[in-house]
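*Asks:*
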Amino acid sequence: MNKILLIIQREYFSRVKKKSFIVMTFLTPLLIAGVYALIGFFAYKGIKDTHDKVAVVSTNKTLTEKLSANQNVAYVYIDKSLEQAKKDLSKANYDYILYLPEFSLAAPKGVELFGAKQPGMSLNRRISGDIEELIKTQKLKESGISQTDLDKLKTSVDISTKKIAETGKEEESSAGASTFIAFTAGVLMFMFIMMYGIQVMRGVIEEKTNRIIEVIVSSVKPFQLMMGKIVGIALVGLTQFMLWIVLTLAISTAAVSLFTNKEDIKEITASTQAQTQISGAEQVTSAAPQGPVADIQKSLAGLDVGKIIVVFLFFFLGGYLFYSALYAAIGSAVDSETETQQFMLPVMLPLLLGYALSLSVVTNDPYGSTAFWLSMIPFTSPIAMVVRIPYGVPGWELALSMAILAVGFVVTVWIAGRIYRVGILMYGKKTTFKEMFKWFTYKN
Numbered sequence: 001m002n003k004i005l006l007i008i009q010r011e012y013f014s015r016v017k018k019k020s021f022i023v024m025t026f027l028t029p030l031l032i033a034g035v036y037a038l039i040g041f042f043a044y045k046g047i048k049d050t051h052d053k054v055a056v057v058s059t060n061k062t063l064t065e066k067l068s069a070n071q072n073v074a075y076v077y078i079d080k081s082l083e084q085a086k087k088d089l090s091k092a093n094y095d096y097i098l099y100l101p102e103f104s105l106a107a108p109k110g111v112e113l114f115g116a117k118q119p120g121m122s123l124n125r126r127i128s129g130d131i132e133e134l135i136k137t138q139k140l141k142e143s144g145i146s147q148t149d150l151d152k153l154k155t156s157v158d159i160s161t162k163k164i165a166e167t168g169k170e171e172e173s174s175a176g177a178s179t180f181i182a183f184t185a186g187v188l189m190f191m192f193i194m195m196y197g198i199q200v201m202r203g204v205i206e207e208k209t210n211r212i213i214e215v216i217v218s219s220v221k222p223f224q225l226m227m228g229k230i231v232g233i234a235l236v237g238l239t240q241f242m243l244w245i246v247l248t249l250a251i252s253t254a255a256v257s258l259f260t261n262k263e264d265i266k267e268i269t270a271s272t273q274a275q276t277q278i279s280g281a282e283q284v285t286s287a288a289p290q291g292p293v294a295d296i297q298k299s300l301a302g303l304d305v306g307k308i309i310v311v312f313l314f315f316f317l318g319g320y321l322f323y324s325a326l327y328a329a330i331g332s333a334v335d336s337e338t339e340t341q342q343f344m345l346p347v348m349l350p351l352l353l354g355y356a357l358s359l360s361v362v363t364n365d366p367y368g369s370t371a372f373w374l375s376m377i378p379f380t381s382p383i384a385m386v387v388r389i390p391y392g393v394p395g396w397e398l399a400l401s402m403a404i405l406a407v408g409f410v411v412t413v414w415i416a417g418r419i420y421r422v423g424i425l426m427y428g429k430k431t432t433f434k435e436m437f438k439w440f441t442y443k444n
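Quick note on the UniProt record's numbering: the sequence shown kicks off at 1 and runs consecutively.
In structure tokens form, the structure reads like this:
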């Protein structure tokens, strides 16, 4: 046991003392925050700054109303034939030509959009939506409904979701917040297991190719070396992850503080608390704090963030230990990193499968049978369970998943250890799956 602790200590401190570890630990949260800020900025800028001018050529006598311009698309009706409009497109001051042929309101067909450049999907959706809204409005007017009555039909509904606990108590919940946390947790879990598992494999290959391993195994057993390396790197990952949590919370708190101090946000928040008029009758909104920050706080109020973090840490350690033993076995079986590809694919496929299904099937149906089995199988449970946990998982399912993952880790370490003890001293021989199976069956 003392020898394993010494190996753990060596693996841990040799990594956390590196300048690259220190720099990336403190820089990564800032880089992630910067990337999200850039994505948000350019997404907002793209929506705000996109202005397309669309010339409308209409031979439709059924539509009596015209398309109205909005913040992104300006419609200009021109008195030209479609062919003439196409010829003038290169020298005209419009970007696209929208052709509205004659059609019935029940089955609009033949609408075409022409342009010298390929229109984006967002423009197609905007124009399609505008035409659909125009047809709907005309249908309602033909039914005898006035414009005033049409305006009254437009009502926005804000649904407040609540979850009833087993005790019968109502708890605030948010599908948006749960989905966001589920996606984030799934991506982080996949990234961490891959990153630190590969570190184990590279560490084994490096020691093997440098022939350091021959000196080390003269003092410790191969299994002790493998366990020390796996646990040591696990502690490195845990240290880095905990620092990231602290730094991310600090950055988030500072960002929220700056966000709430802006005068325009204060005005928006104040305006949402002001009186509103609906059908001429004044109604006063709730005096409770509102606005963007309040919405975030409300979304997180129904989530047990502490439990989510604890479960994430358990499945991070469990998933890492489960996969890192396999990565250690792969590292011991090869002489260079270029030879690892044939062995890594069978190990990565279950992890990739769990990642893909968790972020598609599980987020859409977190209580379904697929989600249940994915969170029970050790190869996929580290990702599937952390994706499910924000939605709420029964205690017995969580306990069963943890127990199965722990048993899976023990079995995986035993299998990997039998391969590792032989492979770590093998040099110059092309390793195959058949050869690795022979190593596994060797008696002590």
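Just so it is clear, CB atoms sit at the ideal spot from N, CA and C, and this is done for glycine as well.
These figures come from a predicted structure and were not determined experimentally.
Going along the chain, which residues of its own chain have a beta-carbon closer than 7 Å to the beta-carbon of Gly186, five neighbours each way excluded?
*Replies:* Tyr355, Ser358, Leu359, Ile383, Val386, Val387
*Asks:* Measure the C-alpha to C-alpha separation of Val310 and Asp130 and round it to an integer number of angstroms.
*Replies:* The C-alpha of Asp130 is placed about 48 Å away from the C-alpha of Val310.
*Asks:* Going by beta carbon distance, what residues of the same chain come within less than 8 Å of Gly203, once the five residues before and after it are set aside?
*Replies:* Glu11, Lys229, Ile233, Gly331
*Asks:* Could you have a look at Phe114 and say whether DSSP puts it in helix, strand or coil?
*Replies:* strand
*Asks:* What are the complete alpha helix (DSSP H) segments, minimum 4 residues, inside the segment 356-388?
*Replies:* 369-374, 381-388
*Asks:* For the candidate residues Pro366, Ala406, Gln71, whose alpha-carbon lies nearest to that of Pro378?
*Replies:* Ala406
*Asks:* So, helix, strand or coil for Tyr442, using DSSP?
*Replies:* coil
*Asks:* Bridge partners of Asp52, per DSSP?
*Replies:* Val73
*Asks:* Whole angstroms is fine: what's the gap from Phe192's alpha carbon to Pro119's?
*Replies:* C-alpha separation (whole angstroms): 39 Å.
*Asks:* Taking Cβ to Cβ, would you say Ile97 is nearer than 8 Å to Ala55?
*Replies:* yes
*Asks:* State the DSSP-derived secondary structure class of Ser104, mapped to helix, strand or coil.
*Replies:* Three-state DSSP puts Ser104 in a strand.
*Asks:* Have a look at Gln71 and Arg126 and give me their C-alpha separation to the nearest angstrom.
*Replies:* If you take the alpha carbons of Gln71 and Arg126, they lie about 11 Å apart.
*Asks:* Hey, Ser375 and Ser381: beta-carbon distance below 8 Å or not?
*Replies:* Closer than 8 Å, so yes.
*Asks:* How long is the line joining the alpha carbons of Thr432 and Lys221, rounded to whole angstroms?
*Replies:* 24 Å
*Asks:* Could you tell me the alpha carbon to alpha carbon distance between Leu27 and Met195, rounded to whole angstroms?
*Replies:* 17 Å
*Asks:* Just curious, the alpha helix (DSSP H) that residue 446 is in, first and last residue?
*Replies:* Look at the range of the chain in this structure, 1 to 444, and you will see that residue 446 is not part of it.
*Asks:* Take every Cβ of the segment 103-110, pair it with every Cβ of the segment 71-90, and state whether three or more of those distances are shorter than 8 Å.
*Replies:* no
*Asks:* When you compare only the Cα positions, how much space is there between Val422 and Trp439?
*Replies:* 6 Å
*Asks:* Using only alpha-carbon positions, find the residue among Ser219, Tyr323, Leu6, Leu30 that is nearest to Pro346.
*Replies:* Tyr323
*Asks:* Roughly how many whole angstroms lie between the Cα atoms of Gly280 and Ala250?
*Replies:* Note on Gly280: pLDDT 41, under 50, position unreliable in the model; the coordinate value appears next. Straight-line Cα distance between these residues: approximately 46 Å.
*Asks:* Just to confirm, is the Cβ distance from Gln138 to Glu83 under 8 Å?
*Replies:* no
*Asks:* I need the boundaries of the alpha helix (DSSP H) containing Ser128, first residue and last residue.
*Replies:* Ser128 -> alpha helix (DSSP H) spans 121-142.
*Asks:* May I have the straight-line CA-CA distance separating Met24 from Arg15, to the nearest angstrom?
*Replies:* Met24 and Arg15 have their C-alpha atoms roughly 12 Å apart.
*Asks:* So for Val347, helix, strand or coil by DSSP?
*Replies:* helix
*Asks:* Considering only C-alpha positions, which residue in the set Val413, Glu339, Leu349, Leu134 is nearest to Ser68?
*Replies:* The shortest C-alpha separation from Ser68 is found at Leu134.
*Asks:* Output the distance between the C-alpha atoms of Asp95 and Ile78, rounded to the nearest integer angstrom.
*Replies:* 13 Å
*Asks:* Per the DSSP calculation, Tyr44 is bridged to which residue(s)?
*Replies:* BP columns for Tyr44 are empty, so no partner.
*Asks:* For the alpha helix (DSSP H) that Glu83 lies in, which residues bound it at each end?
*Replies:* 82-87
*Asks:* By the three-class DSSP mapping on this structure, what secondary structure does Leu98 have?
*Replies:* strand
*Asks:* Cα separation between Ala392 and Val200?
*Replies:* The question names Ala, but residue 392 is Gly in the sequence shown. Taking the straight line from one Cα to the other gives about 33 Å.
*Asks:* For Gln224 versus Ile7, is the C-beta spacing smaller than 8 Å?
*Replies:* yes
*Asks:* Sort out for me which residues DSSP pairs Val57 with in a bridge.
*Replies:* Bridge partners of Val57: Tyr99.
*Asks:* Leaving out the 5 sequence neighbours to the left and right, which residues in its chain are closer than 6 Å to Leu235 when beta-carbon positions are compared?
*Replies:* Tyr12
*Asks:* Please classify Arg418: is it buried, with 16 or more other beta-carbons within 10 angstroms of its beta-carbon, or exposed?
*Replies:* buried
*Asks:* Taking the straight line between their C-alpha atoms, what separation do you get for Val293 and Ala254?
*Replies:* Residue confidence for Val293 is low, a pLDDT of 46 falling below 50, so the modelled location carries little weight; the figure read from the coordinates is stated next. Approximately 13 Å between the Cα atoms of the pair.
*Asks:* Check Thr248 in the structure and name its three-state DSSP category.
*Replies:* Per DSSP, reduced to three states, the secondary structure at Thr248 is helical.
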